[in-house]
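Working notes, beginning with the structure itself.
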Amino acid sequence: MDVPRAGIGRITAAVVAMAAILPYLTIKILWLTGDMVGVTAPSLMDSATMVGLNAMTFGMDLVGLLLALAFTMRWGMRLPAWLVLLPIWVGIGLLSQILVSLPATLLLEGPGAFGEDFLAAWVYLAVYGGFSLQGLGLIVAFVLYARDRWPWIFVSGGRRTAVPFQHVVGRGSLLVTMVVGGANLYWALGGTAGLDPAVVAAKTAASGVALAFSGAVAIGAALAYLYLLRGHAPWAVALSWLGSGSLFGWGLYKMIVLVTAGPLRANVPMVATDLVDLFSLLTGLVMGMAGAFLLIEKSGGGVQAAKDPLEGPQREGDRETADSGHR
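Reminder that position 36 of the sequence shown reads as 36 in UniProt numbering, one-by-one numbering, no gaps.
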């Protein structure tokens, strides 16, 4: 197959992402090798839990670096689809919230919001600033990559009849996301029911923006999936993709922090937010799998539709040959 070269836009976006990833990887390498640069409480980094979390997040960003590189190369177009789509689904889900919450934090609270906890303020700014540029670069590069590899996704139109089970999944996902997303929106607007007092005291205007984003994209993703059961539109694919990835990615991350009981875990009893995070993880996983099967089905239908015009004459010729043989 003659694979086209990546355009200048895709290459530029991927290079920006790679440049933004390198400082984070450097900091993680230093921490994992014993150099506590930017750490104000080195004893917290000595625990096995923090070493494991640092290794995990290093690996996640290393995957992001390899994906960005793949988006610039011809061999990247030949990678198995799941090897590209699974990590970028989780990555965009995680990074999109930071893209929203970081500007909100700087606008509403200023740089002083990144006070020293067990890390120096400059580490927070460097890490989250890098995440923002990484998110922008990866999102743009992936969209341009997907447009070249799966162009049918960017074409609106078409009607379909989903099987009953798909409607069950869609309606069930909407029901759960209304609860999960509604809870996040309620807390974002100042509600405190179900929250531990320590969690309420730690809330800020910027964290409210992050909660509002989580709630909105969760509900929007379920609605977009229901739309995809009847038709096809790029906006519905994008919203379903973003919302399910955010639900799964952040739900998984918070569950890992919860079960490891490390320094990142707030020292409070089980609260409603933990249940919301658990159901976010499960719902995001279900929606992601359902969406993947739906896209595979649509892709197969598109390929078949493209082949039919070519197969028509052949079928007609076969029919004439068969008729001649019969005569």
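Think of the CB as a built atom: it goes at the ideal place given N, C-alpha and C, for glycine as much as any other residue.
Remember, predicted model here, so these are calculated numbers, not experimental data.
Cβ neighbours of residue i in the same chain (closer than 7 Å, five flanking residues each side left out)
i, result
"GLU109", "THR204, ALA205 and ALA206"
"PRO234", "ILE153, PHE154 and SER156"
"TRP122", "GLY38"
"TYR128", "ILE98 and LEU102"
"ALA104", "ALA206 and VAL209"
"ARG147", "PHE154"
Proximity below 9 Å, CB of residue i to CB of residue j
i, j, result
"ALA19", "LEU133", "yes"
"LEU195", "VAL271", "yes"
"LEU65", "ILE21", "yes"
"ALA13", "GLY91", "no"
"LEU25", "ASP61", "yes"
"GLY215", "VAL180", "yes"
"ALA6", "ARG78", "no"
"VAL100", "VAL209", "yes"
"LEU185", "ALA212", "yes"
"GLY172", "PRO23", "no"
"residue 335", "ALA126", "Beyond the ends of the chain as shown, which are 1 and 327, falls residue 335; an answer cannot be given."
"ALA290", "VAL200", "no"
"LEU223", "LEU239", "yes"
"PHE114", "MET45", "no"
Same chain, Cβ closer than 6 Å to residue i, five either side skipped, listed in chain order
i, result
"LYS254", "ASP277"
"GLY301", "For GLY301, the predicted structure reports a pLDDT of 48, less than 50, and the residue's modelled location is therefore unreliable. A value from the coordinates is still provided. Taken in chain order, the list of residues that qualify is empty."
"VAL63", "PRO87"
"PRO42", "MET36"
"LEU94", "GLY249"
"ALA183", "VAL276"
"HIS232", "GLY158"
From the options, residue whose alpha carbon lies closest to that of residue i
i, options, result
"LEU258", "ASP2, LEU53 and LEU32", "LEU53"
"HIS140", "THR72, LEU119 and GLY291", "Before going on, a small fix: residue 140 reads as Val here, not His. Ranking the options by Cα distance to VAL140, first place goes to THR72."
"TYR124", "MET178, VAL39 and THR177", "VAL39"
"LEU295", "LEU285, ILE256, LEU229 and ASP274", "LEU229"
"SER299", "ALA113, VAL237, GLY284 and ALA126", "VAL237"
"ARG149", "ARG171, ALA201 and ALA70", "ALA70"
"ILE256", "PRO197, MET56 and GLY190", "MET56"
"VAL217", "PHE118, THR177 and ALA81", "THR177"
"ILE11", "PHE142, GLN166, LEU252 and GLY288", "PHE142"
"ILE219", "GLY9, PRO151 and GLY284", "GLY284"
Contact with chain D by residue i, beta-carbon distance below 9 Å
i, result
"ALA48", "Among the chains of the structure shown, chain D does not appear; only one protein chain is present."
Close beta carbons around residue i, own chain, < 8 Å, minus the five adjacent residues each side
i, result
"ALA120", "GLY38, VAL39 and THR40"
"PHE58", "LEU25, LYS28, ILE29 and LEU32"
Near the ligand FAD: residue i beta-carbon under 8 Å from a heavy atom
i, result
"LEU119", "The ligand FAD is not among the ligands present in this structure, which contains no ligands whatsoever."
Problem set entry | Three-pair Cβ contact test at 8 Å for the stretch 269-285 versus the stretch 240-253 | yes
For this session: Give, in chain order, every unbroken run of the alpha helix (DSSP H) that is at least 4 residues long and sits entirely within the stretch 182-207.
Result: 197-202
For this session: Please go through the stretch 98-172 and give each complete alpha helix (DSSP H) segment of 4 or more residues, from N-terminal end onward.
Result: You should have 121-149.
For this session: Quick one: which unbroken beta strand (DSSP E) runs of 3-plus residues sit fully inside the stretch 228-298? Chain order, please.
Result: none
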